[in-house]
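S.K.: Got a structure here, written out as structure tokens. Questions coming.
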Amino acid sequence: MDLLLLEKTLVGLFVATILAVIISTLRGRKFKLPPGPFPVPIFGNWLQVGDDLNHRNLTDLAKKFGDIFLLRMGQRNLVVVSSPDLAKEVLHTQGVEFGSRTRNVVFDIFTGKGQDMVFTVYGEHWRKMRRIMTVPFFTNKVVQQYRPGWEAEAASVVEDVKKNPEAATSGIVLRRRLQLMMYNNMYRIMFDRRFENEEDPLFQKLKALNGERSRLAQSFEYNYGDFIPILRPFLRGYLKICKEVKETRLKLFKDFFVDERKKLGSTRSSDNGELKCAIDHILDAQKKGEINEDNVLYIVENINVAAIETTLWSIEWGIAELVNHPEIQKNVRDEIDTVLGPGHQVTEPDLQKLPYLQAVIKETLRLRMAIPLLVPHMNLHDAKLGGYDIPAESKILVNAWWLANNPANWKNPEEFRPERFLEEEKHVEANGNDFRYLPFGVGRRSCPGIILALPILGITLGRLVQNFELLPPPGQSKLDTTEKGGQFSLHILKHSTIVAKPRSF
Ligand code: HEM
Numbered sequence: 001m002d003l004l005l006l007e008k009t010l011v012g013l014f015v016a017t018i019l020a021v022i023i024s025t026l027r028g029r030k031f032k033l034p035p036g037p038f039p040v041p042i043f044g045n046w047l048q049v050g051d052d053l054n055h056r057n058l059t060d061l062a063k064k065f066g067d068i069f070l071l072r073m074g075q076r077n078l079v080v081v082s083s084p085d086l087a088k089e090v091l092h093t094q095g096v097e098f099g100s101r102t103r104n105v106v107f108d109i110f111t112g113k114g115q116d117m118v119f120t121v122y123g124e125h126w127r128k129m130r131r132i133m134t135v136p137f138f139t140n141k142v143v144q145q146y147r148p149g150w151e152a153e154a155a156s157v158v159e160d161v162k163k164n165p166e167a168a169t170s171g172i173v174l175r176r177r178l179q180l181m182m183y184n185n186m187y188r189i190m191f192d193r194r195f196e197n198e199e200d201p202l203f204q205k206l207k208a209l210n211g212e213r214s215r216l217a218q219s220f221e222y223n224y225g226d227f228i229p230i231l232r233p234f235l236r237g238y239l240k241i242c243k244e245v246k247e248t249r250l251k252l253f254k255d256f257f258v259d260e261r262k263k264l265g266s267t268r269s270s271d272n273g274e275l276k277c278a279i280d281h282i283l284d285a286q287k288k289g290e291i292n293e294d295n296v297l298y299i300v301e302n303i304n305v306a307a308i309e310t311t312l313w314s315i316e317w318g319i320a321e322l323v324n325h326p327e328i329q330k331n332v333r334d335e336i337d338t339v340l341g342p343g344h345q346v347t348e349p350d351l352q353k354l355p356y357l358q359a360v361i362k363e364t365l366r367l368r369m370a371i372p373l374l375v376p377h378m379n380l381h382d383a384k385l386g387g388y389d390i391p392a393e394s395k396i397l398v399n400a401w402w403l404a405n406n407p408a409n410w411k412n413p414e415e416f417r418p419e420r421f422l423e424e425e426k427h428v429e430a431n432g433n434d435f436r437y438l439p440f441g442v443g444r445r446s447c448p449g450i451i452l453a454l455p456i457l458g459i460t461l462g463r464l465v466q467n468f469e470l471l472p473p474p475g476q477s478k479l480d481t482t483e484k485g486g487q488f489s490l491h492i493l494k495h496s497t498i499v500a501k502p503r504s505f
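Structural data, given as structure tokens:
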């Protein structure tokens, strides 16, 4: 580090300390802030609570400070909400006030400062993007158009696993093949495209870039520069990598997918009866001048992360729980055999006849929520919550995982017990009809992808269980289900090796 930069940093820290003391004294007088650990100047609570603010650590803090508490992370206010009533207030009653999103220095890069849909503030742009994305992605018509494709992709997974002799003996990392399936499920919708196999160079490139995007965005490594702006110069190297990844990625989306589809469009007559894929609708909106080319690329970016990873993590958790609970796995298989008859492969319309399978999916989403803190919300203006003042532009985290795992509200929540959704919790749905259970959020910023995610989960898990006995690898009695949390994500730490023994019908 050069001396000039160090000198500037130290002077800056000094000035910021004085300012922080003055501001916090003034603020303390004016605002009735939520409880929380006592903040020190500049760093706030950062040094006390550390970087890893995952759902479990935030739960521990809620037990200490209550259902609403405030953390000062350097210059940023972080409000954490941990009760169904307060979640209702944030997501429903005051859904407009708390309907914006915070971004940080890294998310600013990946979303072009909110030119996308997921990370934009609540307002005109968000409304337009959500409207434009609804018809091509989030309707039952889309499900009906693409479900034969998802069924074919799941069948192809089953076929490939059966062909691989290792699968039935030492086991395979099933996730790798399922990742290809999830890309195909979503790329069919977006571009009417699929990748033939895991070795496809374009698929490999995409997977690597999306992986890098997720890692860079979800990491805690850059917190210091985000919380304490004066330290931002030290993040230069990190942010440079983010910019490179972002640019390479958007260029890949443009050159290999969006432009290809445009070319195809220009060679077709407009009324030839062919079904449009999502990008055709999005490009129509661009032609009408509703959005620009960057917005188009950010829509593709959003789907790549919001849709593919989350659903894949949930499938992976579901498989891990089924392997670790063979009796539950057997119940799923028996249900499918009894209701559909052995050999009839699960399809989307069958799912409504398979309540036990649906309960397994709900239970997976409860215990192993892919987005346990929802996507962070934000209030653009000063607001009130739970009797406290919330300063404008606070980051609001709803600890949805704790809402769904708090023993005060659930019977033995630490147990993986799908039966709960057929018994005492039989009225609880994944769509947010109960504020204790919000795997997809609820209200204005809730997940519109739920309509696709649930059938994809059902088809995939159903087909795997009806075609294979899923077991831990030889010498292991259980799969390791250690969690890995990020800024707001949760996935399994180690991608498990799984033995898949084909069943004979
Ligand atoms: C199991 C799979 C999935 C889970 C658990 C999940 C969960 C979530 C959650 C918790 C949110 C934030 C809600 C909030 O902040 O209040 C969200 C937002 C979102 N999800 Fe999903 N999601 C999944 C699959 C999908 C799929 C398949 C798509 C698209 C095809 C999708 C698209 C989105 C979008 C666009 C948003 C942002 C909505 C907005 O800001 O207005 N998700 N999702």
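Okay, so the sequence shown: first residue is 1 according to my numbering, each after it adds one. For each residue, glycine too, the CB sits at the ideal point set by N, CA and C.
1. Give a single yes or no on whether L91 has its beta carbon closer than 7 Å to a heavy atom of ligand 1.
2. Compare the Cα-Cα distances from H125 to each of Y298, Y224, F69 and N197 and report the closest residue.
3. Can you tell me whether F76 is helix, strand or coil according to DSSP?
4. At a cut-off of 7 Å, would you count F191 as near ligand 1, judging by its Cβ distance to the nearest heavy atom?
5. I need the DSSP call for D389, collapsed to helix, strand or coil.
6. Start and end of the alpha helix (DSSP H) containing K205?
7. Just to confirm, does T364 get its C-beta within under 7 Å of one of the non-hydrogen atoms of ligand 1?
8. For a test of the three-state rule: what should DSSP assign to A168, helix, strand or coil?
9. Would you check whether ligand 1 has a heavy atom nearer than 7 Å to the C-beta of H377?
10. In the DSSP assignment, what are the bridge partners of R101?
11. What is the rounded straight-line gap between the Cα of R503 and the Cα of N467?
12. For A320 and K263, what's the separation of their Cα atoms in angstroms?
13. Using DSSP bridges, identify the partner residues of E483.
14. Can we count I279 as close to ligand 1, meaning its CB is less than 7 Å from some heavy atom?
15. Comparing alpha-carbon positions, which option in D255, H381, V442 and H344 lies nearest F505?
16. Using CA atoms only, rank isn't needed, just tell me which of P165, F138, P376 and P34 is closest to L53.
17. Taking 7 Å as the cut-off, is the CB of P201 close to at least one heavy atom of ligand 1?
18. Can you tell which of R436, G449, I492 and T460 has the C-alpha that lies nearest to the C-alpha of E89?
19. Could you check what DSSP says for F110 in three-state terms: helix, strand or coil?
20. Compute the Euclidean distance between the alpha carbons of G171 and I68, then round it to the nearest angstrom.
21. Could I get the ranges of all uninterrupted alpha helix (DSSP H) runs contained in the segment 139–197, with 4 residues as the minimum, in chain order?
22. By a C-beta neighbour count over all protein chains shown, 10 Å radius and 16 as the cutoff for buried, is H381 buried or exposed?
23. Hey, how far is the Cα of R177 from the Cα of V157?
24. Would you kindly report the start and end of the unbroken beta strand (DSSP E) that includes A500?
25. Tell me which same chain residues have a C-beta within less than 6 Å of the C-beta of R366, skipping the five on either side of it?
26. For W317, which residues from the same chain have a beta carbon less than 7 Å from its beta carbon, with the 5 sequence-adjacent residues on both sides left out?
27. Rounded to whole angstroms, what is the Cα-Cα separation between L461 and E469?
28. Taking C-beta to C-beta, are Q75 and P229 nearer than 8 Å?
29. In the DSSP assignment, the beta strand (DSSP E) including E469 goes from what residue to what residue?
30. Helix, strand or coil: how does DSSP classify F69 here?
31. Thinking just about the alpha-carbon of each residue, which of N140, I498, Q487 and K501 is nearest to the one in Q514?
32. Quick one, which of R444, L457, S83 and P148 has its alpha-carbon nearest E97's?
33. Using the rule of at least 16 other Cβ atoms within 10 Å of the residue's Cβ for burial, across every protein chain shown, is S394 buried or exposed?
34. Using a Cβ-Cβ cutoff of less than 6 Å, which residues in the same chain neighbour P448 once the five nearest sequence positions on both sides are dropped?
35. Per DSSP, G449 is paired with what?
36. For V118, verify whether its CB is less than 7 Å away from any heavy atom of ligand 1.
M.R.: By the coordinates alone:
1. For L91, the shortest separation between its Cβ and any heavy atom of ligand 1 lies below 7 Å.
2. It is Y298 whose Cα lies nearest to the Cα of H125.
3. At residue 76 the sequence reads Arg, which differs from the Phe that was named. Strand at R76.
4. No.
5. Taken through DSSP and simplified to helix, strand or coil, D389 comes out as strand.
6. Element bounds for K205: P201 to Q218.
7. Checking every heavy atom of ligand 1 against the Cβ of T364, none is found closer than 7 Å.
8. Helix.
9. H377: yes, Cβ under 7 Å from ligand 1.
10. DSSP lists H377 as partners of R101.
11. When the Cα atoms are used, R503 and N467 turn out to be separated by approximately 5 Å.
12. Looking at the two C-alpha atoms, the distance is approximately 43 Å.
13. Per DSSP, the beta bridge partners of E483 are I492.
14. For ligand 1, not one heavy atom lies less than 7 Å from the Cβ of I279.
15. Ranking the options by Cα distance to F505, first place goes to H344.
16. Cα-wise, what sits closest to L53 is P376.
17. No, ligand 1 has no heavy atom inside 7 Å of this Cβ.
18. Nearest option by C-alpha distance: R436.
19. Residue state for F110 is assigned as helix, using DSSP reduced to three classes.
20. For G171 and I68, the distance between alpha carbons rounds to 45 Å.
21. Every alpha helix (DSSP H) stretch that sits fully inside the segment 139–197 and reaches 4 residues is listed by chain position as 140–163, 165–168 and 174–191.
22. Per the 10 Å Cβ criterion, exposed.
23. Taking the straight line joining both Cα atoms gives about 7 Å.
24. V499 to P502 is the extent of the beta strand (DSSP E) around A500.
25. Short of 6 Å from the beta carbon of R366, and not among the five residues preceding or following it, lie these beta carbons of its own chain, in chain order: A404.
26. Excluding residues within five positions, the ones whose Cβ falls inside 7 Å are T364, R368 and I492.
27. Taking the straight line joining both Cα atoms gives about 12 Å.
28. Yes; because the gap between Cβ atoms is below 8 Å, this pair is in contact.
29. Start and end: F468 to L471.
30. Here F69 sits in strand by DSSP.
31. Because residue 514 is not part of the residues shown, which for the chain are 1 to 505, the question remains open.
32. Closest in C-alpha terms to E97, from the list R444, L457, S83 and P148, comes R444.
33. Per the 10 Å Cβ criterion, buried.
34. Here the set comprises F138.
35. Per DSSP, G449 has no beta bridge partner at all.
36. Correct: V118 has its Cβ closer than 7 Å to ligand 1.
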